[in-house]
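Here is the structure we will look at.
In the working numbering, the protein residues as written are 1 to 193.
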């Protein structure tokens, strides 16, 4: 009764309609068990509501009508046990691959974020170093000029005082630029093209 396990309930009748063999009569308990198993399998796959379909075919022997075979199937959509196992495995594989894909996506996002943060940190350190250098240069010039003027090495000529004034203006512009950068970082102003 292998066909019963594949979802087929077979009945053979003679030409006068008398039952010669019936799978339900032969082993009713087994037929009911298999049908219940099929219904359960289909329900698990979300394909409930299938109803048995009955197909009838004529039988002939040596060119003469010999009877009829009636095949009852669980249809119109039916998955065998092997197909159900395959679909369950495929679903598990799909969800597993989805989980792996999600985990890999998260790892990639974390790595990329780390790279961006490292680059931003590197740029911030470079900016700090550049600002320190830019401040140190005019301050050193100004300090040297002021010491030379104070010690009497240089006379306070208009050119020398103008040079000191230029360095002070340069420092003032650097401080203004730093203040503007701070405002931009804190989003207090909107950039316009």
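Built from N, CA and C at the ideal position, the CB exists for glycine as well.
Residue 81 and residue 94 have their alpha carbons spaced roughly 20 Å apart. The continuous stretches of alpha helix (DSSP H) do not include residue 13, which lies in the beta strand (DSSP E) extending over residues 8–13. Residue pairing for residue 68: DSSP places it in a beta bridge opposite 13, 58. Counting C-beta atoms within 10 angstroms of its own C-beta, residue 176 has fewer than 16 neighbours from the protein chains shown and is therefore classed as exposed. Straight-line measurement puts the Cα of residue 150 at about 16 Å from the Cα of residue 165.
The beta carbons of residue 12 and residue 69 sit about 5 Å from each other, so the pair counts as a contact at 8 Å. The continuous beta strand (DSSP E) containing residue 19 extends over residues 19–22. Straight through space, the alpha carbons of residue 116 and residue 109 are spaced by roughly 10 Å.
With a cutoff of 9 Å on beta-carbon distance, residue 10 and residue 29 are scored as not near each other. When secondary structure is reduced to three states using DSSP, residue 157 falls in the coil class, being assigned neither helix nor strand. Put simply, of 163, 158, 59 the residue whose alpha carbon is nearest the alpha carbon of residue 16 is 59. Under a 10 Å Cβ-count criterion, residue 7 is classified as buried, with 16 or more other Cβ atoms of the shown protein chains found around its own Cβ. Bridge pairing for residue 53: 73 [DSSP].
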